[in-house]
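Be aware that the sequence shown starts at 0, since it is given in numbering that gives the first Met the number 0, and climbs by one per residue.
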Amino acid sequence: MPATTENNQGSFLGRISIRRNQVMSMDGSHDQELEDLELFQKHVGDRFSELLSSTTDDPSNDALLSIGWLRRLLDELLCCEAEFKAVVMMGRDPSQIAKPPLDRLLPELLDRVVKSLDICNAVTLGIDAVRNLQRLAEIAVAALEPRPMGDGQVRRAKKALNSLVAAMMHEDRDCGSSKGTERSRSFGRRGNANKDRGGGTFRSLSWTMARNWSAAKQIHAMSSNLAAPRGAEATGLPSPIYIMSTVLVFVMWTLAAAIPCQERNGLGTHLPFPRQLSWAQPMISLQEKMAEEWKKKEKKGSVGLLEEMQKIEKVGQLLIDFAESFQFPGESERLEEIRGHVEELADICRKMDEGLEPLQLQIREVFHRLVRTRSEFLHVLDQAVKLSAPTV
């Protein structure tokens, strides 16, 4: 998290904590409540504006849907979640968040949290599978790096790269399929088909999600009843609940689009974010960019929108083309060009090796934070019920 963002958040949370600990009537604090809501909206808009601005062609920035960019996205989710709890829950009488329409909106949010936990689990499995694809790319790099380049090295690299490309294409069909089959979903070709492209060197990773579970259906269910508050509700507690719900839907949609996970057919559909809300504008722009990429990849088949995997697929195909036409000793000019591609593939593999585990740990952190937040809200709602119960 950038230092400025962290300082702003610390100041914001501290301000709410101090004020909520003061003894004051709710009427007297109404203006300050409005100010808190406005600041929360501004912080959300600023965070996603920074994510949007980083998607330029500047090589110093993390590319859209790269591992580094996804890690920043998860950081922003955690920041938004902390501020959301402060605005809605910190120092507040439980009875205040159990009144209509919050008695309906909060359970809807908590249901989105449960669905988000499923997506976190599926994406974590997807990262494990991406690691397996990375290992195939590393086999090709190890085969092609030594000099001089011989027939045996090229055949070994071709075998690994064919397995890699076949696995990516195959898993995309599994992820996008709408058929509820009995097969386990795995990265890799099964049965005798493995022998065709050297799949015997690749251990498949089977999904542990339920067979009828669908990432696209989860996202659709999370967003289907997502409606912006109107009138007086737009300046009350329904507003931060709606904002947090929107952030949660957007982040989970992005993770499911980037990382291969089960049943993603139709995921490219635009999310229902209202354009008139300024804080939502950067999310809308990001989603439109990613939806366009999804449509392109959906037409040709791809394992997901993760930037590093897209690069591996592109470079891998170039190296396969080279391997299919290679004749020892090879043309020196062509060999120099291929060595450049091998170095590029090695660099991508290094970045994945450095970034995938921290990304997976971050998703687990999001999972546990959401579990804790849900428990805290359920506890507050339970307190509200007890306080409202008539005494005997």
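By construction, the Cβ of each residue, glycine as well, lies at the ideal position given by its N, Cα and C atoms.
Using only alpha-carbon positions, find the residue among the options that is nearest to residue i.
i    : options                   : result
W68  : L160, L116 and R46        : R46
R111 : V370, L380, K385 and A383 : V370
H340 : E332, V314 and D320       : V314
A322 : K98, A128 and R155        : R155
I319 : A81, N161 and L73         : N161
F366 : K114, C348, P58 and F83   : K114
Q316 : N211, A136 and W293       : A136
C348 : I138, S48 and V248        : I138
A345 : R134, L247, D61 and A81   : R134
R368 : A383, S284, R333 and E82  : E82
A325 : S59, V250, M148 and S53   : Correcting the residue type first, residue 325 is Phe in the shown sequence and not Ala. Here the closest residue by C-alpha is M148.
G44  : S284, K295 and E343       : S284
K392 : P99, P106, M168 and E32   : The chain is shown only over 0 to 391; residue 392 falls outside these bounds and no answer can be derived.
I75  : D30, P106 and F249        : Ile is not the amino acid found at residue 75; the sequence shown has Glu there. With distances taken between Cα atoms, E75 lies closest to F249.
Y241 : E342, P106, E335 and E291 : P106
R146 : E343, L334 and D352       : L334
Please classify residue i as buried or exposed, where buried requires at least 16 other C-beta atoms within 10 Å of its C-beta.
i    : result
G151 : exposed
R184 : Any answer about R184 is weak, because its pLDDT of 36 lies below 50 and its placement is not dependable; what the coordinates show is given next. So R184 ends up on the buried side.
R263 : buried
E307 : buried
S374 : exposed
V379 : buried
K157 : buried
T253 : buried
S65  : buried
P328 : exposed
A209 : exposed
S331 : exposed
K310 : buried
D381 : exposed
R189 : Any reading at R189 needs caution, since the residue's pLDDT is 34, under 50, leaving its predicted position unreliable; the model's value is listed next. By the 10 Å Cβ count, R189 comes out exposed.
K84  : buried
A215 : buried
T372 : buried
G179 : Low confidence applies here, because G179 scores a pLDDT of 35, under 50, leaving its location unreliable; read the following figure in that light. Burial call: exposed.
D195 : Model confidence at D195 stands at a pLDDT of 38, short of 50, so the residue's coordinates are unreliable and nothing is read from them.
Would a C-beta distance cut-off of 9 angstroms place residue i and residue j closer than the cut-off?
i    : j    : result
G265 : A256 : no
V140 : E312 : no
C79  : M243 : yes
P93  : L377 : no
R338 : L143 : yes
L304 : Q286 : no
T234 : M282 : no
L101 : R71  : no
A159 : N131 : no
L73  : Q361 : yes
L36  : P239 : yes
V122 : I218 : no
E364 : L108 : no
W212 : Q261 : yes
A97  : A383 : yes
D61  : S53  : yes
L236 : Q95  : yes
Counting only beta-carbon separations shorter than 9 angstroms, does residue i have a partner in chain D?
i    : result
P281 : The chain labelled as chain D is not found in the depicted structure, where only one protein chain is given.
Given 8 angstroms, three or more beta-carbon pairs between the region 273-282 and the region 37-53: Counting C-beta pairs with one atom in each stretch, the region 273-282 and the region 37-53 have three or more that are closer than 8 angstroms, which means they touch.
Inter-stretch contact at 8 angstroms, needing at least 3 Cβ pairs: the region 218-228 / the region 86-96: Taking one beta carbon from each stretch, the region 218-228 and the region 86-96 have fewer than 3 pairs nearer than 8 angstroms; the two do not touch.
Stretch-stretch touch, CB-based, cutoff 8 angstroms, three pairs: the region 109-122 with the region 226-236: no
The region 350-357 contacting the region 125-132, beta-carbon criterion three pairs below 8 angstroms: yes
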